[in-house]
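For the sequence shown, the UniProt record's numbering begins at 1 and goes up steadily by one. Backbone N, C-alpha and C define an ideal beta-carbon position, used for all residues, glycine too. Here's the structure, in structure tokens; my notes come after.
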Amino acid sequence: MSDFLGVPDVVWSGAIGSSIAFIGVWMSNKSNTDRLTQQLRHDAQEKSTQRRADVRKAVYLELLEQFSTVNAYIGGMSNEDIKDGQNVSDALKPFHAAAAKAQLVANIETSDAIADLMGIHTKYFVKAVAKLLPIQHIKSQIKSQTQVFENAQAEMKRILSEMAAFNEAARTEKHIFEALNRSFTIQKGVSDVAIAERSKLYDSVNALHRGYLEFATSNIGTIMRASAPVMAAMRRELEIDGYDVNYEQRLIKRFEKIEADVARTATEFVADVTGSKQTASTDRQ
Numbered sequence: 001m002s003d004f005l006g007v008p009d010v011v012w013s014g015a016i017g018s019s020i021a022f023i024g025v026w027m028s029n030k031s032n033t034d035r036l037t038q039q040l041r042h043d044a045q046e047k048s049t050q051r052r053a054d055v056r057k058a059v060y061l062e063l064l065e066q067f068s069t070v071n072a073y074i075g076g077m078s079n080e081d082i083k084d085g086q087n088v089s090d091a092l093k094p095f096h097a098a099a100a101k102a103q104l105v106a107n108i109e110t111s112d113a114i115a116d117l118m119g120i121h122t123k124y125f126v127k128a129v130a131k132l133l134p135i136q137h138i139k140s141q142i143k144s145q146t147q148v149f150e151n152a153q154a155e156m157k158r159i160l161s162e163m164a165a166f167n168e169a170a171r172t173e174k175h176i177f178e179a180l181n182r183s184f185t186i187q188k189g190v191s192d193v194a195i196a197e198r199s200k201l202y203d204s205v206n207a208l209h210r211g212y213l214e215f216a217t218s219n220i221g222t223i224m225r226a227s228a229p230v231m232a233a234m235r236r237e238l239e240i241d242g243y244d245v246n247y248e249q250r251l252i253k254r255f256e257k258i259e260a261d262v263a264r265t266a267t268e269f270v271a272d273v274t275g276s277k278q279t280a281s282t283d284r285q
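Written out as structure tokens, the structure reads:
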């Protein structure tokens, strides 16, 4: 058959060849399109994952920074001069804000670890404030006694000036000089009492400072151990090199060593201060 349906074979062969070529091109284009679509989808997922990782990294680093800052603040809070109307908890707001942001972007495990840390840290802060209140009360009394002492000293200086002027003027009113002398004696007595009271108050506040130091050093280990699951979970989420299943335990051991070193240093410091004070007291006697 040279013809099929009245169409020469040469035409059919050309049509069939064109059809085969078209099908081949179509299949190739479809494959390329599918591969490109898959690549674009994969790239979008990668970018989304990277953006999420970048956000988490920034938020987690901020949390760790604020955690370190607030621990230092609480540790030295006994030395703060709290003013009237000042809210000592204001210093914790950046840490709480950073923790809230971290919980927003973290997975469930990390979020739970952060919540546990916040609970323990809040208890630590409340106890610290309870320790701080008597210190602030005595500091207020010291300021009052200091003011009494300074006022008495100013009066003594004034009286001495008047007595000097009295003598330089060669005045002879005995009753006036005796009145000035009595006033000086009274003000000196007030000054001496204020100095003695202030000295006792300093002894009391120093004892409270030592107690606060012991409290802080004994509790910081608990706080650091509570932070180990948080740090381990964040490191795992960020896929930081060096992470393994034993990382949390290594952190805890490291924190326990730091806790022991800090406690030993604090004990030695208190012993040195107490010893120096006893030596000074003996020398005065």
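(message) I'd like the list of long-range same chain contacts for V102, defined as Cβ closer than 7 Å, with 5 residues on each side in sequence excluded.
(response) Residue 102 sits at position 102 when you count from the first residue of the sequence shown. The sequence shown places Ala at residue 102, rather than the Val named in the question. Exclusion of the five residues before and after A102 leaves V59, Y60, L63 and I114 as the residues of its chain whose Cβ lies within less than 7 Å of its Cβ.
(request) Tell me, please, whether the region 202-215 touches the region 154-170 by the rule of three or more beta-carbon pairs shorter than 8 Å. (result) At 8 Å Cβ cutoff, the stretches do not touch.
(message) I need the straight-line Cα distance from A53 to E237, nearest angstrom please.
(response) Here residue 53 corresponds to residue number 53 of the sequence shown, with the count starting at 1. Here residue 237 corresponds to residue number 237 of the sequence shown, with the count starting at 1. For the pair A53 and E237, the Cα-to-Cα distance works out to about 8 Å.
(request) Have a look at V55, R198, K127 and K139 and flag the residue whose alpha-carbon is nearest the alpha-carbon of D84. (result) Locating residue 84 in the sequence shown gives position 84, counting from the first residue. The shortest Cα separation from D84 among V55, R198, K127 and K139 belongs to K139.
(message) For Q136, which residues in the same chain have their Cβ closer than 8 Å to its Cβ, ignoring the five residues on either side in sequence?
(response) Translated into the one-based positions of the sequence shown, residue 136 becomes position 136. Answer for Q136: I82, listed in chain order.
(request) Measure the CB-CB distance between A266 and E214 and report whether it falls below 8 Å. (result) Here residue 266 refers to the residue found at position 266 when the sequence shown is read from its first residue. Here residue 214 refers to the residue found at position 214 when the sequence shown is read from its first residue. Against a cut-off of 8 Å, the Cβ pair of E214 and A266 comes out as a contact.
(request) Please say whether Y247 and R264 have beta carbons closer to each other than 8 Å? (result) Taking the sequence shown and counting its residues from 1, one reaches residue 264 at position 264. Taking the sequence shown and counting its residues from 1, one reaches residue 247 at position 247. No. Outside cutoff.
(message) Suppose contacts are defined by Cβ-Cβ distances below 8 Å. Is Q187 in contact with A130 by that definition?
(response) Within the sequence shown, the letter at position 187 stands for residue 187. Within the sequence shown, the letter at position 130 stands for residue 130. The answer is no: Cβ separation not under 8 Å.
(request) Inspect the beta-carbon positions of V262 and T217 and report whether they are closer than 8 Å. (result) Position 262 of the sequence shown, counted from the start, is the residue given in the question as residue 262. Position 217 of the sequence shown, counted from the start, is the residue given in the question as residue 217. In this structure, V262 sits near T217, with a CB-CB distance shorter than 8 Å.
(message) Going by DSSP in three states, T172 sits in which element: helix, strand or coil?
(response) Locating residue 172 in the sequence shown gives position 172, counting from the first residue. T172: coil per DSSP, three-state reduction.
(request) Measure how close the beta-carbons of I258 and R225 come, nearest whole angstrom, since I'm counting them as under 8 Å. (result) As a first step, residue 258 is located in the sequence shown; it is residue number 258 there, counting from the start. As a first step, residue 225 is located in the sequence shown; it is residue number 225 there, counting from the start. No, I258 and R225 are not in contact; Cβ-Cβ is about 10 Å, not under 8 Å.
(request) Closer than 7 Å by C-beta to F67: which residues in its own chain qualify, once you throw out the five before and the five after it? Chain order, please. (result) In the sequence shown, residue 67 corresponds to position 67, counting from 1. Residues F95 and S227 of the same chain have their beta carbon placed closer than 7 Å to that of F67, with the five preceding and five following residues left out of the count.
(request) Compute the distance between the beta-carbons of M77 and V70, then report whether it is under 8 Å. (result) What you label residue 77 is simply residue 77 of the sequence shown in a count that begins at 1. What you label residue 70 is simply residue 70 of the sequence shown in a count that begins at 1. In terms of Cβ geometry, M77 and V70 do not form a close pair [threshold 8 Å].
(message) Please state the DSSP three-state secondary structure of I142.
(response) As a first step, residue 142 must be located in the sequence shown, where it is residue number 142. Assigned with DSSP and collapsed to three states, I142 falls in helix.
(message) According to DSSP, is N206 part of a helix, a strand, or is it coil?
(response) Numbered from its first residue, the sequence shown carries residue 206 at position 206. Three-state result, N206: helix.
(message) With a threshold of 8 Å on Cβ separation, who are the neighbours of I176 within its own chain once the five nearest residues in sequence on each side are excluded?
(response) Your numbering for residue 176 matches position 176 in the sequence shown. Hits under 8 Å: F166.
(message) With a threshold of 6 Å on Cβ separation, who are the neighbours of N219 within its own chain once the five nearest residues in sequence on each side are excluded?
(response) Mapped onto the sequence shown, residue 219 falls at position 219. Apart from the 5 residues on each side of it in sequence, N219 sits with its Cβ closer than 6 Å to the Cβ of Y124 in its chain, given in chain order.
(message) Quick test of your reading: L201 and Q145, contact by CB under 8 Å. State the CB separation rounded to the nearest angstrom.
(response) For the purposes of this step, residue 201 is taken as residue 201 along the sequence shown, with counting starting at 1. For the purposes of this step, residue 145 is taken as residue 145 along the sequence shown, with counting starting at 1. Between Q145 and L201 the Cβ distance is about 7 Å, and since that is below 8 Å, they are a contact.
(message) Let's test the definition: count the other Cβ atoms within 10 Å of the Cβ of V104 and tell me whether it reaches 16, buried, or not, exposed.
(response) As a first step, residue 104 is located in the sequence shown; it is residue number 104 there, counting from the start. For clarity, residue 104 is Leu in the given sequence; the question names Val instead. Answer is exposed; the Cβ neighbour count stays below 16.
(request) State buried or exposed for A128, treating a residue as buried only when at least 16 other CB atoms are found within 10 Å of its CB. (result) As a position in the sequence shown, residue 128 is number 128, starting the count at 1. A residue is called buried when at least 16 other Cβ atoms come within 10 angstroms of its Cβ; A128 meets this threshold and is buried.
(request) Please classify A106: does DSSP put it in a helix, a strand, or coil? (result) Mapped onto the sequence shown, residue 106 falls at position 106. Coil.
(message) Among the candidates Q141, R158, A232 and E173, whose CA atom is the shortest distance from the CA of A194?
(response) Numbered from its first residue, the sequence shown carries residue 194 at position 194. It is Q141 whose Cα lies nearest to the Cα of A194.
(message) Would Y73 and A97 qualify as a contact pair, given that the criterion is a beta-carbon distance under 8 Å?
(response) The sequence position of residue 73 within the sequence shown is 73, counting from 1. The sequence position of residue 97 within the sequence shown is 97, counting from 1. No, Cβ-Cβ distance for Y73 and A97 is not below 8 Å.
(message) Rounded to whole angstroms, what is the Cα-Cα separation between G211 and K143?
(response) As a position in the sequence shown, residue 211 is number 211, starting the count at 1. As a position in the sequence shown, residue 143 is number 143, starting the count at 1. About 21 Å.
(request) Have a look at H121 and E256 and give me their C-alpha separation to the nearest angstrom. (result) On the sequence shown, residue 121 is found 121 positions in, with the first residue counted as 1. On the sequence shown, residue 256 is found 256 positions in, with the first residue counted as 1. Spanning the two alpha carbons is a distance of roughly 17 Å.
(message) Can you list, in chain order, the residues of its chain with a C-beta nearer than 7 Å to that of Q147? Leave out the 5 residues immediately preceding and following it.
(response) Looking up residue 147 in the sequence shown gives position 147. Excluding residues up to 5 positions away in sequence, nothing lies with its Cβ nearer than 7 Å to the Cβ of Q147 in the same chain.
(message) Can you list, in chain order, the residues of its chain with a C-beta nearer than 8 Å to that of Q240? Leave out the 5 residues immediately preceding and following it.
(response) Within the sequence shown, numbered from 1, the residue matching residue 240 stands at position 240. Note that residue 240 corresponds to Ile in the displayed sequence, not to Gln. Contacts found: none.
(request) Measuring only between beta-carbons, confirm whether V129 sits less than 8 Å from chain D. (result) In the structure shown, chain D does not exist; there is a single protein chain.
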